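So the structure is just underneath, and the comments pick up after that.
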Amino acid sequence: DHKEEIAGFRLMVERLVGEKEELEVSLKNLALNKDGLETTLMSITKELAVECKKSVDHKEEIAGFRLMVERLVGEKEELEVSLKNLALNKDGLETTLMSITKELAVECKKSVDHKEEIA
């Protein structure tokens, strides 16, 4: 009976040693997977940081473009006002020029009439 019991214990010990070795291999694989996952996680974290920085830079760039557009719109409105003022001045100058031309024509006619009268 003792021999069978001892043989049973030996089988049990061998099985437990085999399971222990399998568990050690599994543990090593898990450690390797953990390292790989940590490396991947660090890589992803770095990429996210870069993308986040790009996003902030784009937001600042967009804000800069908005300011530029607002400034250009303001300048365009100022130019439109100046253009309207120039158009008004042009109309006023044309009216003045027409008036002067009419006066000159009248004076010229008077001058011609006086020359004929004198002659």
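Under this note's numbering, the first residue of the sequence shown is numbered 20, with each subsequent residue one higher. A virtual CB, placed ideally from N, CA and C, is assigned to each residue, including glycine. Model, not experiment: these values are computed from the prediction.
Quiz item: How many angstroms separate the CA atom of residue 80 from the CA atom of residue 113?
Solution: Here residue 80 refers to the residue found at position 61 when the sequence shown is read from its first residue. Here residue 113 refers to the residue found at position 94 when the sequence shown is read from its first residue. Between residue 80 and residue 113, the C-alpha separation is close to 48 Å.
Quiz item: Between which two residues does the alpha helix (DSSP H) carrying residue 50 extend?
Solution: Numbered from its first residue, the sequence shown carries residue 50 at position 31. Counting along the chain, the alpha helix (DSSP H) containing residue 50 begins and ends at 21 to 137.
Quiz item: To the nearest angstrom, how far is it from the Cα of residue 51 to the Cα of residue 77?
Solution: Here the question's residue 51 lines up with position 32 in the sequence shown. Here the question's residue 77 lines up with position 58 in the sequence shown. So the two alpha carbons sit approximately 39 Å from each other.
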